[in-house]
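Colleague: Those letters in the sequence shown? Residues 173 to 544, by the numbering used here.
Once you've had a glance at the structure underneath, I'll fire off some questions.
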Amino acid sequence: MSSVLERRREFLKLMRQLTLDKGHFTVNDIADLAGLPRSTVQDWINRLIEERCLVQKEEKRGRTPARYMASSAMLSTACRRIFTTVDGDMVAIYHECRSGGCAAFCAFHHRQAGGVLADVSRDGMLLHEYATIGKKDANIGQYPSAAVGVIGVRKDDGYIVQRIRCTGGPAYSLTDMMAMAEGVVHISVQKTGQVVEGDVVTRALTHVIVGIDDTDSPEGGATFALALGLLQFLGKMEGLIPIGHRVVMLDPSCPYRTAGNSCSYIELAAEPGLLPHIRETAVRFMADESLSPEWGIAIRQGFTIPPVLRAFGVKARKSSVSREEAQAAAQASGVDLEGKRGIIGALAAVGLRGLPHDVLLDPARDPETAPR
Numbered sequence: 173m174s175s176v177l178e179r180r181r182e183f184l185k186l187m188r189q190l191t192l193d194k195g196h197f198t199v200n201d202i203a204d205l206a207g208l209p210r211s212t213v214q215d216w217i218n219r220l221i222e223e224r225c226l227v228q229k230e231e232k233r234g235r236t237p238a239r240y241m242a243s244s245a246m247l248s249t250a251c252r253r254i255f256t257t258v259d260g261d262m263v264a265i266y267h268e269c270r271s272g273g274c275a276a277f278c279a280f281h282h283r284q285a286g287g288v289l290a291d292v293s294r295d296g297m298l299l300h301e302y303a304t305i306g307k308k309d310a311n312i313g314q315y316p317s318a319a320v321g322v323i324g325v326r327k328d329d330g331y332i333v334q335r336i337r338c339t340g341g342p343a344y345s346l347t348d349m350m351a352m353a354e355g356v357v358h359i360s361v362q363k364t365g366q367v368v369e370g371d372v373v374t375r376a377l378t379h380v381i382v383g384i385d386d387t388d389s390p391e392g393g394a395t396f397a398l399a400l401g402l403l404q405f406l407g408k409m410e411g412l413i414p415i416g417h418r419v420v421m422l423d424p425s426c427p428y429r430t431a432g433n434s435c436s437y438i439e440l441a442a443e444p445g446l447l448p449h450i451r452e453t454a455v456r457f458m459a460d461e462s463l464s465p466e467w468g469i470a471i472r473q474g475f476t477i478p479p480v481l482r483a484f485g486v487k488a489r490k491s492s493v494s495r496e497e498a499q500a501a502a503q504a505s506g507v508d509l510e511g512k513r514g515i516i517g518a519l520a521a522v523g524l525r526g527l528p529h530d531v532l533l534d535p536a537r538d539p540e541t542a543p544r
C-alpha cells in the first residue's frame, strides 16, 4: 500500500507541474520524465481520470497524442510529512506542515480538543505531539468546540494508527491531503453528517537522541555546527528521518569551556534495528570532523528521560561534574558513551532533552520548575 501511495503522489506532483507549466501533458511526457513504460503511465492516467484527479483535454488525432491536464493545480497537500516514534506505551507524533499557519491551527485545536494527546507543541512548521496508547473521546464541532482532535492511538504490528475526528477544513485535509504526506502508509475515513473520522497509519519508528560536546578548539569550529552537520549526514541514510537540533548551555564557569560552554543534541526517527549502524556512523563522523581530541558523544534510544539522567543534566548546568559521574549516570539510564571529556556535556545535553528553547539556553533557569 505504501508504494502505491508513493507512486500516486509522484505522478500527481509531476502532472500538476506540467499542467502549470504548459497547460497539459501527454503519456510520452510522463513516460520520459518518470522513466517508465508508456503502458504503465497510461494505466495510471486512466485510474486518475476515474478518481477525477485528471481530465482529458484533447483526444488523440492521427499522430497527435491525447492531451491531459490535472483537474486542479491547487497545492496537493499542506502536510509535508507525518511520522511517529514509539517509547514503551508512549507515542511521539510529528507532523511537518508546509505552512506555519496550518501548523499553528492544528496545534491550537489539538490542544483544545484534548483527546489522547498529553502534550502539544510547535517548532516552526513542525508539530510535536505526545500520546499514550489508548482511546479518549473529544467534542469536535463548530466554534467554540475544537475543529480537530486525536481520539485514539494504537500500535498494530509495527505500525501506529491515529484515530482523528474533525470537521470543516481539517476534514478536507484528512480526506484529500494527508494521504499525500511522506510517511503516511494508509488512510481510511468515515463521514457522519459534518464530522469525519479517519485512521492515519504510519510506521512505528525508533526515537534516537544524540548528544555531542567538546568538538571545537580555540582555533576554530563550533559544536552546534558539527551537530547540524551530523544531523544532515545521518538524515541522508535510508530509513532515517531527521527531527531537529537543540543547543544547550551548561555551567558557564566550567574551566574547560572554549567559550560559553554550550553543547548540542539532535533527534532522529529510525526504522527499527538501525541503532547500531547509527552509532557506528555517528562515532566515525565525530572522529573525522571534530577539531578537538576531547570530543564526546552520547546516544540514547527513546524520547522519555529517566530521573537519574535528568538530574545529571541539571547538575551540569550548576557545577562541574566528572567523567566518572557521567559514566555512572549513562550506565544507569541506558545511554551509550564514546569519547573523552566531551562525554560529560554530551550526556548532559541528552539529559535535558525536551525542555523549551528559552530554558535550554539559560543556565540560570531551573529545568525542574520550567513550564513545558
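All C-beta atoms, glycine included, are put in the ideal place defined by N, C-alpha and C.
From a predicted model like this one, the values you see are computed outputs, not experimental measurements.
Count Cβ pairs between the stretch 227–241 and the stretch 327–344 that sit closer than 8 Å; are there 3 or more?
Modeller: Cβ pair count under 8 Å is below three, so no.
Colleague: Under the three-state reduction of DSSP, which class applies to M173: helix, strand or coil?
Modeller: Confidence at M173 is low in this model, with a pLDDT of 43, below 50, so its placement is unreliable and the value that follows should be read with caution. Of the three classes helix, strand and coil, the one that applies to M173 here is coil, per DSSP.
Colleague: Report the rounded CA-to-CA distance for F280 versus N311, giving the unit in angstroms.
Modeller: Between F280 and N311, the C-alpha separation is close to 14 Å.
Colleague: In terms of DSSP beta bridges, what is V361 paired with?
Modeller: Per DSSP, G370.
Colleague: Within the same chain, show all residues whose beta-carbon is closer than 6 Å to that of G526, passing over the 5 residues directly before and after it, in chain order.
Modeller: Excluding positions up to five away in sequence, the list is empty.
Colleague: How many Å lie between S360 and D193 at the Cα?
Modeller: Each residue's Cα considered, the two are about 33 Å apart.
Colleague: Alpha carbon to alpha carbon, how far is L226 from G273?
Modeller: The alpha-carbon atoms of L226 and G273 are separated by roughly 29 Å.
Colleague: Out of F405, V288 and A483, which has the shortest C-alpha to C-alpha gap to G324?
Modeller: Closest by alpha carbon: V288.
Colleague: Could you tell me the boundaries of the beta strand (DSSP E) in which S492 lies?
Modeller: No beta strand (DSSP E) holds S492; DSSP gives it neither H nor E.
Colleague: Under 6 Å: does the beta carbon of S317 sit that close to some heavy atom of the ligand MG?
Modeller: Absent from the structure shown: the ligand MG. Ligands present: none.
Colleague: Looking only at its own chain, which residues have a Cβ that is under 7 Å from the Cβ of K232, when we skip the five neighbours before and after it?
Modeller: So the qualifying residues of the chain are A238.
Colleague: Buried or exposed for S211, please, with buried defined as at least 16 other CB atoms from any protein chain shown within 10 angstroms of its CB.
Modeller: Burial call: exposed.
Colleague: At the level of alpha carbons, what is the spacing between G207 and S317?
Modeller: G207 and S317: Cα-Cα distance of roughly 49 Å.
Colleague: Using 10 angstroms around the beta-carbon of A488, count the other beta-carbons present and answer buried if the total reaches 16, otherwise exposed.
Modeller: Burial call: buried.
Colleague: Could you give the distance in angstroms between the alpha-carbon of V263 and the alpha-carbon of F277?
Modeller: For V263 and F277, the distance between alpha carbons rounds to 21 Å.
Colleague: CB-CB under 8 Å to T191, same chain, minus the five flanking residues each way: which ones, in chain order?
Modeller: Answer for T191: F197, M241, A242 and A245, listed in chain order.
Colleague: Mind checking whether L509 and V420 have CB atoms under 7 Å apart?
Modeller: Cβ atoms of L509 and V420: not closer than 7 Å.
Colleague: Under the rule that 16 or more other beta-carbon atoms within 10 Å means buried, what is N200, buried or exposed?
Modeller: N200 comes out exposed.
Colleague: Might you give, ordered along the chain, the residues of its own chain that have their beta carbon closer than 8 Å to the beta carbon of M173, omitting 5 neighbours on each side?
Modeller: Here M173 scores only 43 on pLDDT, less than 50, and its place in the model is too uncertain to base an answer on.
Colleague: Classify D538: buried if its beta carbon has 16 or more other beta carbons within 10 angstroms, exposed otherwise.
Modeller: Per the 10 Å Cβ criterion, exposed.
Colleague: DSSP on T191, reduced to helix/strand/coil?
Modeller: Helix.
Colleague: Can you tell which of P535, A518 and L177 has the C-alpha that lies nearest to the C-alpha of D423?
Modeller: Ranking P535, A518 and L177 by Cα distance to D423 puts P535 first.
Colleague: Measuring only the C-alpha atoms, how far is I265 from E230?
Modeller: The alpha-carbon atoms of I265 and E230 are separated by roughly 45 Å.
Colleague: Bridge partners of Q499, per DSSP?
Modeller: The partner list for Q499 (beta bridge, DSSP) is empty, contrary to what the question assumes.
Colleague: By DSSP, does P478 sit in helix, in strand, or in coil?
Modeller: Coil, per DSSP.
Colleague: Note down, one range per segment and in chain order, each beta strand (DSSP E) of at least 3 residues found wholly within the stretch 265–306.
Modeller: 289–295 and 298–304, all fully within the stretch 265–306.
Colleague: Considering only residues of the stretch 367–438, which uninterrupted alpha helix (DSSP H) runs meet the minimum length of 4 residues and lie entirely inside it, listed in chain order?
Modeller: DSSP runs (the alpha helix (DSSP H)) wholly in the stretch 367–438: 395–407.
Colleague: Could you tell me whether the Cβ atoms of V258 and A441 are closer together than 7 Å?
Modeller: No, Cβ-Cβ distance for V258 and A441 is not below 7 Å.
Colleague: In terms of alpha-carbon separation, which member of F475, G468 and G313 lies closest to D261?
Modeller: It is F475.
Colleague: With a Cβ-Cβ cutoff of 7 Å, do G514 and G468 count as a contact?
Modeller: For G514 and G468, yes; Cβs fall inside 7 Å.
Colleague: Exposed or buried, Y302, counting other C-beta atoms within 10 Å across all chains shown (16 or more means buried)?
Modeller: So Y302 counts as buried.
Colleague: Here's the rule: buried if 16 or more other CB atoms are within 10 angstroms of the residue's CB, otherwise exposed. What is V546?
Modeller: The question about residue 546 has no answer here: the residues shown for the chain are numbered 173 through 544.
Colleague: What did DSSP end up calling E510 once you bin it into helix, strand or coil?
Modeller: Strand at E510.
Colleague: Give the straight-line distance between the Cα atoms of S293 and D204, rounded to the nearest whole angstrom.
Modeller: So the two alpha carbons sit approximately 44 Å from each other.
Colleague: By the DSSP assignment, the beta strand (DSSP E) with M241 in it spans what residues?
Modeller: Run containing M241: R239 to A242, per the beta strand (DSSP E) assignment.
Colleague: Buried or exposed for N218, going by 16 or more other Cβ atoms inside 10 Å?
Modeller: The residue in question, N218, is exposed, as its Cβ has fewer than 16 Cβ neighbours within 10 Å.
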